[in-house]
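Numbering (our numbering), first residue to last: 2 to 44. All C-beta atoms in this analysis are idealised placements derived from N, C-alpha and C, irrespective of residue type, glycine included.
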Amino acid sequence: MGEKGRVRISAHFTTESMCRSTLNLYEGALDFLEKQKKTEADA
């Protein structure tokens, strides 16, 4: 296990966490839009 292997793993983890946070943001935005629709329908 040399330096290259270590760098590759850390890069993989960074990409994965970035993908996760992007997904979380996307899901949060969808939830927000759903709530907006509901409040507009109630009004």
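Next on the checklist: Can you give me the C-alpha to C-alpha distance between Ala30 and Ala42, rounded to a whole angstrom?
Outcome noted: 18 Å
Next on the checklist: To the nearest angstrom, how far is the alpha carbon of Phe33 from that of Ser11?
Outcome noted: 33 Å
Next on the checklist: Looking only at its chain, what residues have a beta carbon closer than 8 Å to the beta carbon of Leu45, apart from the 5 residues adjacent to it on each side?
Outcome noted: Any property of residue 45 remains undetermined from this structure, which presents the chain solely from 2 to 44.
Next on the checklist: Tell me the residue span of the alpha helix (DSSP H) that contains Ala44.
Outcome noted: Looking at the DSSP string, Ala44 is not in any alpha helix (DSSP H), and its letter there is neither H nor E.
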